[in-house]
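Below: one structure, written as C-alpha cells.
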Amino acid sequence: MKSPKKRRNPYVIGRPIDEPELFFGRESLFGFIEDNLKNNEQVILLHGQRRIGKSSVLRHIPNKVNLDNEFVCVLSDFQDKNQCSLREVVHGLAKDIVEKLTVEKFIDNPDVIDLTFLDDLEQDLEQDGVKFREFLEQVYEKLGDKKLVLLLDEFDVLDGKILNQNLKISFDI
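Mapped onto the numbering used here, the consecutive letters of the sequence shown carry residue numbers 11 to 183.
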C-alpha cells in the first residue's frame, strides 16, 4: 500500500495577504460572492477553519470581484475588539465607513456625516438601533445609487457581544 503523497500548501500561512501578487486562486469563491452581490443577497457568510485565508479573501473582494461600480466595500476588522464594548465596536465600524467614503470621494469632509450619535450609541442600541440606522441613512444618501458592502472580519467578536448583552440590532433600512 502506497502512502499518500504530501502536497505542499501553496498558500501563505500567517498574516492576511494584502499584496495582489501573493494572492491567487479562489476564483470560484469570488464568482460565488459576485453572483450573490448582484442578486442582492443581504448576507454572505464566509466561514471555515482557522488560518485558512478568510481575512485575505475579504481584503481582496474589492479587486477580485467584478462589482461594476455598483458597490462600495468597507472592511472592518474586529480581531482586536474582543475586550471592547459594543459601543466601541460600532464606533469603529462607523469610522471605517466614513473613512472609506472620504477616500472614495463620496464626501469631501468627514464632518458632513453626523457622528454625534456615537456618544449615546450604547444606550440607543439597547433600545432599538434607531441612531445607527439614521447614520446609515446618511451614508446611503451620500452613496447615491451605489450599495454598501460591509466586509466584517472576525465578526464572531461582534456576534458574541450582541448575544452577551441581549441586544437585537437591525441594520435594515
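Every residue, glycine too, gets a C-beta built ideally from N, C-alpha and C.
How would you write the range of the alpha helix (DSSP H) that K157 sits in, first residue to last?
-> Counting from one through the sequence shown, the residue named residue 157 turns up at place 147. Counting along the chain, K157 falls outside any alpha helix (DSSP H), though it belongs to the beta strand (DSSP E) covering 157-163.
How big is the Cα-Cα spacing for D138 and V100?
-> Position 128 of the sequence shown, counted from the start, is the residue given in the question as residue 138. Position 90 of the sequence shown, counted from the start, is the residue given in the question as residue 100. With a pLDDT of 46 at D138, under the threshold of 50, the modelled position of that residue is not reliable, and no figure is offered here.
Range of the contiguous beta strand (DSSP E) that encloses F81 | Indexing the sequence shown from 1 puts residue 81 at position 71. Per DSSP, F81 belongs to the beta strand (DSSP E) from 81-87.
Less than 9 Å separating the beta-carbons of L103 and L160?
-> For the purposes of this step, residue 103 is taken as the residue at position 93 of the sequence shown. For the purposes of this step, residue 160 is taken as the residue at position 150 of the sequence shown. For L103 and L160, yes; Cβs fall inside 9 Å.
Helix, strand or coil for D138, going by three-state DSSP, please let me know.
-> Your numbering for residue 138 matches position 128 in the sequence shown. For D138, the predicted structure reports a pLDDT of 46, less than 50, and the residue's modelled location is therefore unreliable. The matter cannot be settled from this model.
So is S95 buried or exposed if we call it buried at 16+ other beta carbons inside 10 Å?
-> Residue 95 sits at position 85 when you count from the first residue of the sequence shown. It is exposed - the Cβ of S95 has fewer than 16 other Cβ atoms within 10 Å.
How is the alpha helix (DSSP H) around G102 delimited, first residue to last?
-> In the sequence shown, the residue the question calls residue 102 occupies position 92. From DSSP, the alpha helix (DSSP H) with G102 extends over 96-113.
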